[in-house]
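A.B. asks: Let me give you the structure first, and then I'll get to my questions.
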Amino acid sequence: MGISCNGICQRYRARKPVSIGRYASGQKRCNSCGVFMNWDGSWCPCCNYRLRQSPCSGKYKEKYLQIKKKKAISFGL
Ligand SMILES: [Zn+2]
Ligand SMILES: [Zn+2]
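Letter by letter, the sequence shown follows residues 1221 to 1297 in the numbering used here.
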């Protein structure tokens, strides 16, 4: 639990999905409380910390890897 956590997040706490990822199933993570929640807003109802809605390996990283791949091909590696 975080410093400003007052336990409200426990009411919205989400269980880990079986087949799909947490973010894919619409769950959001509060880094301050350290919990995944089923919550519609962008801010934690508990500590008002900004919720994370996508994994860190997002589209940007995918793009970066594609560019790297293309470069490798042009260099004949
Ligand atoms: Zn909390
Ligand atoms: Zn929180």
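From the three backbone atoms N, C-alpha and C, an ideal C-beta is built for every residue, glycine too.
If N1226 and C1266 are in contact, beta carbons under 8 angstroms, what's the gap, nearest whole angstrom?
C.D. replies: About 6 angstroms; that satisfies the 8 angstroms criterion.
A.B. asks: Go through the region 1223-1286 residue by residue and report every complete run of the beta strand (DSSP E) that reaches 3 residues or more, in order.
C.D. replies: Here the runs fully enclosed are 1248-1250, 1255-1257.
A.B. asks: Of the residues S1294, N1268, S1274, which one's Cα is nearest the Cα of S1224?
C.D. replies: Comparing Cα-Cα distances from S1224 to each of S1294, N1268, S1274, the minimum goes to N1268.
A.B. asks: If you compare alpha carbons, which of Q1273, S1245, K1236, Q1230 is closest to S1262?
C.D. replies: The candidate whose alpha carbon is nearest that of S1262 is Q1273.
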